[in-house]
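Here the structure is laid out as structure tokens; the discussion comes afterwards.
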Amino acid sequence: MKNIPYILIASRFAAALIILYLGYCIGEGARGYIVGLMYFGIFTDVFDGIIARKTGVSSEKLRRLDSQVDLIFWLSLGWISYQLNPELIKGEWKSILFIFIMEASCYIISIWKFGKETCTHAFLAKIWGLSLLLAFTYLIGFQETGWPFYLSVTLGLISHIDVILIILILPQWRYDVPSCYHAWMIRKGKKRRKTIFFN
16 MKNIPYILIA
26 SRFAAALIIL
36 YLGYCIGEGA
46 RGYIVGLMYF
56 GIFTDVFDGI
66 IARKTGVSSE
76 KLRRLDSQVD
86 LIFWLSLGWI
96 SYQLNPELIK
106 GEWKSILFIF
116 IMEASCYIIS
126 IWKFGKETCT
136 HAFLAKIWGL
146 SLLLAFTYLI
156 GFQETGWPFY
166 LSVTLGLISH
176 IDVILIILIL
186 PQWRYDVPSC
196 YHAWMIRKGK
206 KRRKTIFFN
């Protein structure tokens, strides 16, 4: 049981590689498979953290690995979305670039302050992840952007601001900080309540 979280993370990484292969080698005919792998990846993301906590193996190493595989997974979906829908992506390039800048800012600020990448697994970031799932479903599955895309961009902005505030408020690097409010409580020396999140 203690190895299952690592197996789930490895499965998500493998799913990202398969998504890239399908998008490049099969293209249009692989849309349904890519969407299916995306939902499989979300499934592994939900349960790796739950099982890790239940089995007592949740650690800094595991959580950092989980965060980096998450990044690879979403980037693979983003790149294949461009390969399958270049005109749609080009039409929204400003919004997409903005989200990339916000994501990079989180990493840059965290490395500048703590010498480590961010690993907050914040609640708003999880909500943003769900909106990304919906946006990519529309984009890859139905070749549309529409309201799911703009909802995802909005939630992406809000969640990244929250992560940046967490980083700036925390006195020292920590993983699994639910929000900037919790970071403020940690800074004031108050004990953080145990909170259960998706991963």
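For what it's worth, my numbering labels the leading residue of the sequence shown as 16, then goes sequentially.
Just so it is clear, CB atoms sit at the ideal spot from N, CA and C, and this is done for glycine as well.
Practice problem: Check the C-beta distance from LEU154 over to SER96 and give it rounded, since I have them as a contact under 8 Å. | Solution: 5 Å
Specify the secondary structure class of LEU149 as computed by DSSP and reduced to three states.
helix
- Taking LEU52 as the reference, which of ILE124, LEU92, LEU172 has the closest Cα? LEU92
*asked:* Starting from MET200, trace the alpha helix (DSSP H) in both directions and tell me its first and last residue.
replied: Boundaries of the alpha helix (DSSP H) harbouring MET200: 195-202, taken from the DSSP string.
Exercise. Starting from ASP5, trace the alpha helix (DSSP H) both ways and give me its first and last residue.
Key: The structure shown has nothing for residue 5, since the chain only spans 16 to 214.
| task | Taking all protein chains shown into account, decide if TRP143 is buried (16 or more other Cβ within 10 angstroms of its Cβ) or exposed. | result | buried
ask   = Should LYS17 and THR59 be called a contact, given that it needs their Cβ atoms to be closer than 8 Å?
value = no
Worksheet entry | Length at least 3, wholly inside the stretch 91-127: the beta strand (DSSP E) runs in chain order | Entirely contained in the stretch 91-127, not one beta strand (DSSP E) run reaches 3 residues.
Q) Are three or more beta carbon pairs between the stretch 32-45 and the stretch 122-141 nearer than 8 Å? A) no
Just to confirm, are ALA25 and GLY56 a CB contact at a threshold of 8 Å?
no
Checklist entry - How would you write the range of the alpha helix (DSSP H) that ARG27 sits in, first residue to last? => result 19-40
For PRO163, which of helix, strand or coil comes out of DSSP?
-> Helix, per DSSP.
_Since VAL50 and GLY156 should fall inside the 8 Å C-beta cutoff, what is the C-beta to C-beta distance between them, to a whole number of angstroms?_
5 Å
Note to self: Looking at the ligand PLP, does it come within less than 7 Å of PHE164, judged from the CB to the closest heavy atom?
What the structure shows: The model on display carries no ligand, and the ligand PLP is accordingly not part of it.
Inter-residue Cα distance where the pair is ALA45 and TRP94: For ALA45 and TRP94, the distance between alpha carbons rounds to 14 Å.
Under a three-way DSSP split, which group does VAL84 fall into? helix
When GLY204, PRO186, CYS121, SER110 are compared against LEU166, the one with the closest alpha-carbon: The closest CA to that of LEU166, considering only GLY204, PRO186, CYS121, SER110, is found on SER110.
Could you check what DSSP says for ALA140 in three-state terms: helix, strand or coil? Three-state result, ALA140: helix.
Distance check for CYS134 and LYS105, CA to CA, integer angstroms please.
C-alpha of LYS105 to C-alpha of CYS134: approximately 30 Å in a straight line.
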